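Participant: Handing you a structure now.
2 protein chains.
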Amino acid sequence: MKNEKMKTEVRREQIATAALQLIARRGVRGLSIAGIARQVGLVPSAIYRHFDGKDHVLDLVLDQIRQRLLDNVQAETSDSVEALRRLLFRHIKLIRESEAIPMLVFSDQVYSGRPERKARMQRIIQDYLEQVGKVVQRGQKEKALRADLDPAVAAVMFLGLVQPAAILWHLSEGAFDVTKHTEKAWQVFRRAIVRP
Amino acid sequence: MKNEKMKTEVRREQIATAALQLIARRGVRGLSIAGIARQVGLVPSAIYRHFDGKDHVLDLVLDQIRQRLLDNVQAETSDSVEALRRLLFRHIKLIRESEAIPMLVFSDQVYSGRPERKARMQRIIQDYLEQVGKVVQRGQKEKALRADLDPAVAAVMFLGLVQPAAILWHLSEGAFDVTKHTEKAWQVFRRAIVRP
DNA sequence: GTTTGATGTGAATGCATGTTCACATTACCC
DNA sequence: GGGTAATGTGAACATGCATTCACATCAAAC
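Protein chains in written order, with my numbering: chain Z, 1355 to 1550; chain P, 1355 to 1550.
Here is the structure:
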């Protein structure tokens, strides 16, 4: 019938947000133009007024995720070890709030889709790792972290604290206690990186 | 035209193997009955002589992966710390040889498909974690590993050593040096778990 | 208020792919 | 060797989904 008209900037945001929610609920595979349109309250063809196609919707979604991840890292400015701890729990919280993130990171839609998308995802993760690496370097300058620690390696391991937990949480439908596990895992990781 | 007839047991194996290869190449999303048939040298409809449908093909693939993973763990009987180290590198090797494994573990076809599949995947990972946990416990009995280490937590962290590396390797099209990274990461992880 | 470009709609189109079915051929059993 | 069940084939069918298009409607510029 009738439907309020909105500026394309607003719609693009709405569409990307709807896509994110749908991905969280049904996975990237279950993401359809029809589903997005329903969520936003539009008709499928209307999506094409704001995006060139499904691929471009996904691109914007990736941008949003990138932003959230990087915001997360840059929010921490306290002493480096504490910064890492907080970052870890923020990351966990972020993933719990929008399950779509691991879904997308692990989605083969990213890997087997347009090569640019794969490159973009790689960029996102590498940027994130770089930021984490910088925190580690700061910790080394502050003499809080071991000098023989490779910041890049530490950053990847840091990611490794989160990823399996996210998967288990997902697979177990929330039964796996991520917070508790992360607490313990952090203790273990911590003593591997702090100065003796 | 004409095509040699083979027992369904043989075909099922061939089909599952072909599926695994295709997944490695094009991702779970790119797995099609037509693709499998081509690879095996059959016509698409012939697949249905041996499987009830695509889902059942995936089920068998999952079984194969489960087997490979568990074989991997149970192959190690040496002293526990060394066993963990070897297991780690075996795991890396396994993933490099059949990229399909991480593809499947991360695939949303598993998460948003039939719920049984999700449960099966969960079972596979949990069984694997349990086996790793047992090695850790053995290490604790041998006084090689810290007594205050939670074996379950250690097992998940162990998985965390492999997963991000696998993803990075994949995203970077093999440019990321998994072996080198794993060497270093193992050193870090090691000093977090061995007895002081 | 009229014009005009932007946004929304409904129907139609096209494509990829899983699945079924009637029929052909082969392997195996007696 | 003849019969029979298993295996293979080609074509047709079904479906879900992205995408397009002609037309309708609204909002903002003038």
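Quick reminder that beta carbons are idealized off the backbone N, C-alpha and C, glycines included.
All of these numbers come straight from a predicted model, not from anything done at the bench.
#1: Using the beta-carbon of each residue, which ones in chain P are nearer than 7 Å to Z:Gly1384?
#2: Tell me the DSSP secondary structure of P:Val1548 in three-state form.
#3: Mind listing the chain P neighbours of Z:Gly1514? Cutoff is C-beta to C-beta under 7 Å, in chain order.
#4: Nearest to P:Asn1426 by alpha carbon, out of P:Val1435, P:Val1532 and P:Lys1447?
#5: Rounded to the nearest angstrom, how far is the Cβ of P:Gln1476 from that of Z:Ser1452, given a contact under 8 Å?
#6: Hey, P:Gln1491 and P:Ala1501: beta-carbon distance below 7 Å or not?
#7: Please state whether DSSP places Z:Leu1499 in a helix, a strand or coil.
#8: Is there a C-beta anywhere in chain P that falls below 7 Å from the one on Z:Ser1452?
#9: State the DSSP-derived secondary structure class of Z:Asn1357, mapped to helix, strand or coil.
#10: Compute the distance between the beta-carbons of P:Asp1462 and Z:Ser1461, then report whether it is under 7 Å.
#11: Whose Cβ in chain Z lies nearer than 7 Å to the Cβ of P:Leu1374?
#12: Mapping DSSP to helix, strand and coil, what is Z:Thr1431?
#13: Report yes if the C-beta distance between P:Val1486 and P:Phe1512 is below 7 Å; otherwise report no.
#14: Please list the terminal residues of the continuous alpha helix (DSSP H) segment that includes Z:Arg1365.
Facilitator: Working from what's here:
#1: Your numbering for residue 1384 of chain Z matches position 30 in the first sequence. Here the neighbours are Ser1466.
#2: Along the second sequence, read from residue 1 onward, the residue named residue 1548 of chain P stands at position 194. Correct three-state label for P:Val1548: strand.
#3: Here residue 1514 of chain Z is taken as the residue at index 160 of the first sequence, counted from 1. Neighbours of Z:Gly1514 on chain P, chain order: Gly1514, Leu1515, Gln1517 and Pro1518.
#4: Sequence index remark: in the second sequence, residue 1426 of chain P carries index 72 (1-based). Closest option to P:Asn1426, Cα to Cα, is P:Lys1447.
#5: Here residue 1476 of chain P corresponds to residue number 122 of the second sequence, with the count starting at 1. Here residue 1452 of chain Z corresponds to residue number 98 of the first sequence, with the count starting at 1. No, P:Gln1476 and Z:Ser1452 are not in contact; Cβ-Cβ is about 22 Å, not under 8 Å.
#6: Position 137 of the second sequence holds residue 1491 of chain P. Position 147 of the second sequence holds residue 1501 of chain P. Contact: no.
#7: Translated into the one-based positions of the first sequence, residue 1499 of chain Z becomes position 145. Residue state, collapsed to three classes: strand.
#8: One-based indexing of the first sequence puts residue 1452 of chain Z at position 98. No - not a single Cβ of chain P is within 7 Å of the one on Z:Ser1452.
#9: On the first sequence, residue 1357 of chain Z is found 3 positions in, with the first residue counted as 1. In the structure shown, Z:Asn1357 sits in coil (DSSP, three-state: anything other than H, G, I, E or B).
#10: Stepping through the second sequence from its first residue, residue 1462 of chain P is reached at position 108. Stepping through the first sequence from its first residue, residue 1461 of chain Z is reached at position 107. Their beta carbons are under 7 Å apart, which means P:Asp1462 touches Z:Ser1461 by this criterion.
#11: In the second sequence, the residue the question calls residue 1374 of chain P occupies position 20. In chain order: nothing, as chain Z lies at least about 14 Å away.
#12: Numbered from 1 along the first sequence, position 77 holds the residue referred to as residue 1431 of chain Z. Here Z:Thr1431 sits in coil by DSSP.
#13: Against the second sequence, residue 1486 of chain P aligns to sequence position 132. Against the second sequence, residue 1512 of chain P aligns to sequence position 158. Yes, the Cβ-Cβ distance between P:Val1486 and P:Phe1512 is below 7 Å.
#14: Indexing the first sequence from 1 puts residue 1365 of chain Z at position 11. Start and end: Thr1362 to Arg1380.
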